[in-house]
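One rule links them: number in this note's numbering = place in the sequence shown (from 1) + 249.
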Amino acid sequence: MLFKPTLNAKMEEIRKYVPVSAATSFGNISAFIQSSEVSFIIPLMGEELYEQLLAYYTTPTTLPTGVTTENKIQFDTLIEYAQRALINLTYYSGFDFINTIMNDAGFHRQESDTEKGLYKYQEDAVKSGFRNNGFNALDTMLRYIESHIDAFELFKSSPNYTLRKKSIIPDTLTFDTIFDISSSRLVFLKLCRFIAQVEDFEIGALLGTKLYNLVKSEIVKDSPDPRILALIPHIQRPLAYLAVSRASFQLGINVTDKGLFFESQASTLLNSAVSTPLTDQQYYLLATKSEKTGNEYLELLRGFLLANAADYPLYVSPGGSPFVRDNKTKSTTWV
250 MLFKPTLNAK
260 MEEIRKYVPV
270 SAATSFGNIS
280 AFIQSSEVSF
290 IIPLMGEELY
300 EQLLAYYTTP
310 TTLPTGVTTE
320 NKIQFDTLIE
330 YAQRALINLT
340 YYSGFDFINT
350 IMNDAGFHRQ
360 ESDTEKGLYK
370 YQEDAVKSGF
380 RNNGFNALDT
390 MLRYIESHID
400 AFELFKSSPN
410 YTLRKKSIIP
420 DTLTFDTIFD
430 ISSSRLVFLK
440 LCRFIAQVED
450 FEIGALLGTK
460 LYNLVKSEIV
470 KDSPDPRILA
480 LIPHIQRPLA
490 YLAVSRASFQ
500 LGINVTDKGL
510 FFESQASTLL
520 NSAVSTPLTD
530 QQYYLLATKS
540 EKTGNEYLEL
550 LRGFLLANAA
560 DYPLYVSPGG
570 SPFVRDNKTK
580 STTWV
């Protein structure tokens, strides 16, 4: 575990990241810390890097294999990034249980004459803050690992690294520079499967099998072909917007046995978050606007490939009759 009981007698380590009371018992949250490590930290950095980091954190005077006096500072920084993400996600995942007393008489909420429970809207805000801070900290941690990959060689063998390298839009920051998602890793994670769909269908169809396979094989390399690197931004723009178009009917939707509901903020007596059905107009506007922009970027991508045909000989421009075309974005239609 990346927090030590001996360093948290008064929550000294944890208070660097969240303003928890010094009177808090570390034992009350240790189980949630371990659970969050298993759920969030280990899957992202990989078991091998996690074990190496944990060994260094546990006994920093005895350097484990792969940790040297030259890269110790990188491991110290990584511990801080991991701890920041971990403790926020700990309080997020354990939010409904940490202040719950369980005994033979059932479940109880702890209160006193001087301390009262939060209003529902305050609980929602605090829990949302832990969630957003935690997932954003995970992004920061991953960016740090990747920018110092020579120090964290074991990360290269992690499944997460392999998957991210294979994606044309590999991370939240890249997506956010094209389509504003408020740098939310939560939103990006929900978009990933739609990004993969657009890669397989729209992008693959436009580039053609040979060029598409070349792009996918080059982006996983440490030093991709410069011509492919120049092409990637032109692919990322339509990819992002078309992914949003595909996802617009599902983002923010909770699937329950009572149907589909869109989570939104509504005015109630306690100003709390409620679930309301998504309107057809909201579905339609987001999907159609994103699709239109995505298709326009596809046209720019096609134009870039034609203008630089010598650099991309594997690209085959669609030929044949000028009357055979995709009419979706045209103001006129051949019949």
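Idealized CB from N, CA, C, for every residue including glycine.
Remember, it's a predicted structure, so these values are computed and weren't measured experimentally.
query: DSSP state of E261, grouped into three classes?
result: coil
- request: Could you spell out where the alpha helix (DSSP H) holding K470 opens and where it closes?
  value: Looking at the DSSP string, K470 is not in any alpha helix (DSSP H), and its letter there is neither H nor E.
field: Between the CA atoms of E329 and L440 - distance to the nearest angstrom
entry: When rounded, the distance between both Cα atoms is 28 Å.
message: Taking the alpha carbon of D420 as the reference point, which residue from F404, S431 and L438 has its own alpha carbon closest?
response: L438
For G378, the three-state DSSP class (helix, strand or coil): helix
field: Check whether P292 and N409 have beta carbons under 8 Å apart
entry: yes
- prompt: Does DSSP put D420 in a helix, a strand or coil?
  reply: Collapsing the DSSP output to three states places D420 in coil.
- request: Say whether the region 533–542 touches the region 442–453, bearing in mind that this needs 3 or more beta-carbon pairs closer than 8 Å, one atom from each stretch.
  value: no
- request: Excluding the 5 residues preceding and the 5 following K259 in the sequence, name in chain order all residues of the same chain whose CB lies nearer than 7 Å to its CB.
  value: If we look at K259 and ignore the five residues flanking it on each side, its Cβ neighbours are A271.
Neighbourhood of I427 by C-beta, 7 Å cutoff - its chain only, sequence neighbours within 5 removed: Q485, R486 and A489
message: Please list the terminal residues of the continuous alpha helix (DSSP H) segment that includes L438.
response: R434 to V447
field: Cβ neighbours of G453 in the same chain (closer than 6 Å, five flanking residues each side left out)
entry: Y461
- prompt: Do F379 and L435 have their C-beta atoms closer together than 8 Å?
  reply: no
query: Helix, strand or coil for Y564 per DSSP?
result: coil
field: Opening and closing residue of the alpha helix (DSSP H) in which F281 lies
entry: Residues F275 to S285.
- request: Could you tell me the distance, in whole angstroms, from the CA atom of F275 to the CA atom of R264?
  value: 11 Å
8 Å contact criterion, which G245 and L391 should meet: CB distance rounded: Residue 245 is absent from the structure shown; the chain starts at 250 and stops at 584.
message: Taking the alpha carbon of F324 as the reference point, which residue from T310, I336 and L456 has its own alpha carbon closest?
response: T310
- prompt: When we look at the beta-carbon of G366 and count the other beta-carbons within 10 Å, is it buried (16 or more) or exposed?
  reply: exposed
query: Any idea if S494 is buried or exposed, counting beta-carbon neighbours within 10 angstroms, 16 or more meaning buried?
result: buried
query: On the three-state DSSP scale, how would you describe I430?
result: DSSP places I430 in coil when its eight states are reduced to three.
Given Y299 as reference, the closest of V447, S431 and S406 once Cα atoms are compared: S406
Cβ distance (whole Å) where L491 is taken to contact G543 below 8 Å: 4 Å
Backbone CA spacing between Y368 and S433 [nearest angstrom]: 26 Å
message: Taking the straight line between their C-alpha atoms, what separation do you get for I468 and I290?
response: Spanning the alpha carbons of I468 and I290 requires a straight line of approximately 25 Å.
query: Using DSSP with H/G/I as helix, E/B as strand and the rest coil, what is K541?
result: Of the three classes helix, strand and coil, the one that applies to K541 here is helix, per DSSP.
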